[in-house]
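Numbering (the numbering used here), first residue to last: 4 to 114.
Virtual Cβ for every residue (Gly too), placed ideally from N, Cα, C.
Owing to the predicted nature of the structure, the values given are computational and were not obtained by experimental measurement.
Written out below as C-alpha cells is the structure these notes cover.
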C-alpha cells in the first residue's frame with residue numbers, strides 16, 4: 004500500500020470517527036431541546052473511541068474542536084438540569100399535603 008493511500012485511509016478513518024461522534028452529540032442536543040422526548044432511553048449505539056488511528060489530521064482539528072465544544076455545552080446543560088431537578092424535588096418534598104396530619108380545612112362558626 005502506498006504512502007498516499009495510507010494517508011487517505013487514515014484521514015477517512017478519522018472522518019468516520021468524527022461523523023459518529025457528531026451524530027451522538029446531535030442526538031443529545033435534540034434530546035435537550037425536546038423536553039417531552041423519551042430522555043430516559045439511552046442511545047442505542049454508544050460511541051466508542053476508535054483504536055489505532057494515530058494522530059488527528061490537522062485539517063480535521065477545527066471540526067474536532069467544534070464537536071468538543073458542543074459536547075462540553077451539552078454536558079453543562081445536563082448538569083444544570085439535574086441540579087434544577089434536585090432543587091425542585093427538594094422543594095416539593097417540603098410541601099405539606101395534609102396526608103400525614105389531618106386538619107380541618109375550615110371552621111364553621113355559624114353554629
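Within the same chain, show all residues whose beta-carbon is closer than 7 Å to that of residue i, passing over the 5 residues directly before and after it, in chain order.
i	result
residue 87	none
How far does the alpha helix (DSSP H) with residue i in it reach, from first residue to last?
i	result
residue 13	6-36
residue 75	64-96
Should the region 49-69 be regarded as contacting the region 8-15, the criterion being three or more beta carbon pairs within less than 8 Å? yes
How do the region 25-39 and the region 66-79 stand: do at least 3 beta-carbon pairs fall below 8 Å, yes or no? yes
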